[in-house]
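Colleague: For reference, the structure I am asking about is given below.
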Amino acid sequence: MALVTIGGMIGVGKTTAARLISDHLYAPLHLESVEGNEILEKFYTATPEEEQAKRYPFLLQLTFLNSRYTDIKRALVNRHAVLDRSIYEDWYFARVNTDMGRISELEFSIYESLLANMMEELEFFPKKAPDLFVFLHAEFDTILKRIATRGRDFEQDESQLSYFRQLWEGYRDWVDTKYKESPVLIFDTDRYDLSVPEHQQYLLELVDAELERQRTQES
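Residue numbers (full-length UniProt numbering): 1 to 219.
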């Protein structure tokens with residue numbers, strides 16, 4: 001039994017990795033839902049004036065936080081699941097948007113209060129945190145190429161380049177210095193291509209080894 005979360009930059013390959021690990025562990029899969037998310041498209045396409053008036057960045061973070069909380073509750077009850085991004089990473093995205101002025105400090109304080117209440121509720125679940133956080137890393141140029149390749153029109157606007165870069169620049173530091181909820185497995189997707197079967201197998205072997213290490217420590 002294991003609860004594994006997959007994280008990393010937009011376009012890095014989280015869904016591919018999550019499907020591989022889910023199939024390998026015979027674990028239920030909870031994917032980040034983006035299809036039909038009208039706020040997500042508006043977040044990327046709104047003019048600065050529309051963004052400020054409608055508060056799309058704040059609304060988007062609340063939307064993701066709500067869906068993530070639903071997913072993690074289901075996963076923690078089962079004690080066995082794979083999640084495409086976790087509730088813990090949402091804080092980082094909200095913080096970056098606040099630093100860029102897209103979310104106000106007041107909105108961020110409301111967001112943090114709501115998140116804190118949610119985390120308190122998780123204390124009553126059989127398992128509070130993941131057993132393993134698989135963080136997929138790639139260089140910034142690689143990320144941009146993969147965003148372009150997957151072809152979501154609303155992600156292609158060059159005006160989003162500074163947002164993607166700021167996310168990327170601080171993401172690894174957040175993993176290394178702020179995330180303390182579980183062991184972390186960092187997987188370099190520049191060096192290992194998840195479309196290559198041998199590299200897929202290597203990722204699964206790393207996941208197995210880490211979960212086995214934890215089981216050995218517990219026994």
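Glycine included, C-beta positions come from ideal geometry on N, C-alpha and C.
1. Expressed to the nearest angstrom, what Euclidean distance is found between the alpha-carbon atoms of residue 57 and residue 64?
2. Taking the Cβ atom as the reference point for each residue, do residue 11 and residue 96 lie within a distance shorter than 9 Å?
3. Smallest Cα separation from residue 188: which of 47, 139, 122 and 124?
4. First and last residue of the beta strand (DSSP E) that includes residue 136?
5. State the start and end residues of the unbroken alpha helix (DSSP H) segment that holds residue 2.
6. Give the C-beta separation of residue 69 and residue 118 to the nearest angstrom, bearing in mind that I take them to be a contact with Cβ-Cβ under 8 Å.
7. Please check the pair residue 80 and residue 2, which I expect to be a contact at CB under 8 Å, by giving their CB distance rounded to whole angstroms.
8. How should residue 85 be labelled, buried or exposed, when 16 other C-beta atoms within 10 angstroms of its C-beta is the threshold for buried?
9. Does residue 94 pass the burial test, meaning 16 or more other C-beta atoms within 10 Å, or should it be called exposed?
10. So, helix, strand or coil for residue 190, using DSSP?
Modeller: If we stick to the structure as given:
1. 11 Å
2. Contact: no.
3. Among 47, 139, 122 and 124, the Cα nearest to that of residue 188 is on 139.
4. Where residue 136 is concerned, the enclosing beta strand (DSSP E) starts and stops at 132-137.
5. That residue, residue 2, is in no alpha helix (DSSP H); it is neither H nor E in DSSP.
6. 5 Å
7. 6 Å
8. By the Cβ-count criterion, residue 85 is buried, with 16 or more other Cβ atoms from all chains shown falling within 10 Å of its own Cβ.
9. Under this definition residue 94 is a buried residue.
10. coil
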